[in-house]
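Note sheet for the following structure.
Protein chains: 2
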Amino acid sequence: MGTTQLETVPEPKYWHLKTVLSEALDSDFAVGEILPNERELAARFGVARATLRQALEQLELEGRLQRRRGVGTTVAPPRVGVSVGTEQHDWPGTAGDAWQAVDCAVGAPPLAVARLFDAEALDEVHTVRRIRTTHGQSVAAELLYVPASSVPDLTAIDAPSGPARARSVLRELQRLDLEGQDRAVELGSARADDAKELDRLPGAPVLVVTTRYFSLGRTVAVSVATYRADTCRLTFGDSGDVQISHDGHRQAS
Amino acid sequence: MGTTQLETVPEPKYWHLKTVLSEALDSDFAVGEILPNERELAARFGVARATLRQALEQLELEGRLQRRRGVGTTVAPPRVGVSVGTEQHDWPGTAGDAWQAVDCAVGAPPLAVARLFDAEALDEVHTVRRIRTTHGQSVAAELLYVPASSVPDLTAIDAPSGPARARSVLRELQRLDLEGQDRAVELGSARADDAKELDRLPGAPVLVVTTRYFSLGRTVAVSVATYRADTCRLTFGDSGDVQISHDGHRQAS
DNA sequence: CAGTGGTCTAGACCACTCG
DNA sequence: GAGTGGTCTAGACCACTGG
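Which chain is which? The protein sequence lines are A and B, in order. Here the first sequence stands for residues 2 to 254, where the numbers follow the working numbering. Here the second sequence stands for residues 2 to 254, where the numbers follow the working numbering.
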C-alpha cells in the first residue's frame with residue numbers, strides 16, 4: 002500500500018484501532034451515548050468489520066463499551082464496585098446482604114465442586130440459586146451448595162424446591178458456627194443459565210468467586226458466584242465505592 | 002440446507018464445538034499434550050478456521066488451553082492459586098514476599114492512579130516495577146506508585162532508576178506505619194509492557210488487582226498488579242493451594 | 001526452512017429489538 | 001420491516017518458533 006508507514010513495529014490494526022477509539026471515547030462521547038454502527042465504523046476507519054469488532058470486543062472486555070444485539074453499542078458507565086469483602090464474616094443469607102434467593106434444588110453437585118467437600122453424602126446436596134443486584138441491575142448469579150449433612154434439622158415440610166425452600170436452607174445454615182471462609186477469584190465464561198440471569202450472552206467473561214465455608218472443621222457449604230466482568234469491580238476490604246477505572250468519564254447525557 | 006436440523010434452539014457452532022472439545026480434553030488428553038493444529042481441527046470438525054478459533058479462545062480464557070505462536074496448542078495445567086490474601090498485612094517488599102523488584106522510575110502516574118492520591122506533589126511519584134513468579138513462571142507484573150512525599154527521607158545518593166533504587170524506595174516505605182489497605186479486582190487486558198513481562202501477547206486477559214496502602218490517614222502508595230488470567234486463580238484467605246478448577250485433569254506426560 | 005498460531009478481508013446469513 | 005450486533009465462511013498473508 003502507498004501509506005506512509007515508517008513503523009518498525011507492525012502494531013496490529015485492531016490494537017491501534019482500540020487505542021484510537023479509546024481516546025475518542027474519552028474526549029468525544031458521554032456515558033450512555035450510542036456509537037455509530039459497526040458497518041459504518043468499519044468503513045470510516047477503512048477496515049473490515051471483523052477487525053473493527055476485534056477492537057470493540059477488547060473495549061467491552063475492559064468495561065468501556067456495552068453492546069446489545071438489535072440495539073447498538075453504547076458507552077459504558079465506570080464499573081461499579083461490588084463488595085466481596087472481609088467486612089462480611091457471615092453466613093450467606095444473613096439479613097441485609099445483597100443477595101436474593103430465587104430457587105433451590107437437590108442433587109449431586111458438579112465434580113469441581115464435589116471435590117471441595119469431604120466425600121460423604123454427596124448425592125444429597127441442596128443447591129440454592131441466588132441473584133445479586135446493585136443499582137437496579139443484576140451483577141452476579143450464585144449457586145450455593147449445601148450438603149444435606151450440613152443442615153440435618155432441615156424439615157421436609159415444604160416443597161424440595163422453590164424460593165421458600167431456598168430460604169429454609171439458608172436459615173438452617175445460619176444456626177451453625179462459622180469458623181472461617183476461604184475465597185478465590187478467577188476468570189471464567191458464563192454458562193447458559195448464568196448468562197440468562199446476568200442478561201448477557203453465553204460465554205460472556207465473568208469473574209468467578211468461589212467461597213468455602215468452614216464449620217466444625219469441615220467444609221459445610223460452597224458458593225460459586227459469577228460476576229459480570231464487564232460491569233463489576235470486586236472490592237475487598239474497607240471502602241467499597243472508590244472511583245478507579247479509566248479516566249475522562251463525563252456523566253450521563 | 003438439507004440437514005436434519007430439529008434443534009429448536011440454534012446453539013452457535015463455536016459454543017457446541019467448545020463443549021465437545023472440552024469433553025475431549027477431559028477424556029482423551031493429558032496436561033501438556035499438543036493438540037492437532039488449527040487447520041486440521043477445523044477440517045476435522047467441518048468448520049471454518051475462524052469458528053474453530055472462537056472455540057479455542059474460550060477454552061484458553063477458561064484456562065484449559067495454552068496457545069503459542071509458532072509452537073502449537075497445548076493442554077494447560079490447572080490454574081495455580083496465587084495468594085493475594087489477607088495473611089499479608091504488610092508493606093510490599095517485606096522480606097520473603099513473592100515479588101522481585103526490577104526497576105524504578107520517577108514521573109507523573111497515569112490519571113486513573115493519580116486520582117487515588119490526595120492531589121499533592123503528584124509530579125514526583127516513584128514508580129517501582131516488580132515481577133511475581135511462582136513455580137518458575139511469571140504470573141504477575143506490578144507497578145507500585147509511591148509519591149515522593151510518602152518517602153521524604155529517601156536519599157538521592159544512588160541513581161534515580163534501576164533495581165537498587167527500587168529496593169531503596171521499598172525500604173523507605175517499610176519505615177511507615179501501615180494502617181490499612183484496600184483491594185479491588187477487575188478484568189483488564191494486558192498493556193504492551195505488562196504483556197512482555199508475562200510472556201503473553203498485548204491484549205491478553207488479565208486480572209488487575211489494585212491495592213491502596215494507608216498510613217497517617219493518607220494514601221501513601223498504590224499498587225496495580227496484573228495477573229495472567231489464563232493461568233492464575235487469586236486466593237484470599239487462609240489456604241492458598243486447594244484444587245478447584247475443572248475436573249478430569251491427568252497429570253503431565 | 002516448514003509449520004504454527006495471529007491478523008485481516010469481503011462477503012453472507014441469522015437473531016434480536018423496536019417502531 | 002428496517003436496523004442492530006452475532007455468527008460463519010473461505011480464503012490470504014504475516015510473525016514467530018524450531019530443527
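Even for Gly, the Cβ is constructed at its ideal location relative to N, Cα and C.
Residue 86/B and residue 210/B have their C-alpha atoms spaced approximately 11 angstroms apart. Of all residues in the stretch 204-230 of chain B, only 204, 206, 208, 211, 230 come within less than 7 angstroms of chain A when Cβ atoms are compared, listed by chain position. Annotation: the continuous alpha helix (DSSP H) that includes residue 17/B extends over 14-29.
Judged by pairs of C-beta atoms under 8 angstroms, the stretch 182-197 of chain B does not touch the stretch 36-45 of chain B, as fewer than three such pairs exist.
In the DSSP assignment, residue 177/B falls outside any beta strand (DSSP E) and carries neither an H nor an E. Burial state of residue 70/A is exposed, judged by a 10 Å Cβ sphere holding fewer than 16 other Cβ atoms.
The beta-carbon separation of residue 168/B and residue 102/B, rounded to 5 angstroms, stays under the 8 angstroms limit for a contact. Contact annotation: residue 178/A and residue 216/A have beta-carbon atoms nearer than 8 angstroms.
Listed as beta-bridge partners of residue 32/A by DSSP are no residues whatsoever. Residues of the stretch 185-200 of chain B that bring their beta carbon within less than 9 angstroms of a beta carbon in chain A comprise 185, 186, 187, 188, 189, 190, 193, in sequence order.
Secondary structure at residue 221/A: strand, using DSSP grouped into helix, strand and coil. Nearest to residue 119/B by alpha-carbon distance, out of 150/B, 36/B, 26/B, is 150/B.
Residue contact check for residue 66/B against chain A: no CB pair falls below 8 angstroms. Per DSSP, reduced to three states, the secondary structure at residue 46/A is helical. In chain A, no part has a C-beta under 8 angstroms from the C-beta of residue 108/B; the shortest such distance is about 17 angstroms.
Annotation: residue 218/B to residue 20/B spans about 51 angstroms, alpha carbon to alpha carbon. By the C-beta density criterion, residue 136/B is exposed, having fewer than 16 other C-beta atoms within 10 angstroms. Per the C-alpha coordinates, the member of 84/B, 106/B, 60/B, 184/B positioned closest to residue 18/B is 60/B. Taken through DSSP and simplified to helix, strand or coil, residue 187/A comes out as strand. Residue 91/A and residue 227/A have their C-alpha atoms roughly 19 angstroms apart. Listed along chain B are 185, each with a C-beta nearer than 8 angstroms to that of residue 82/A.
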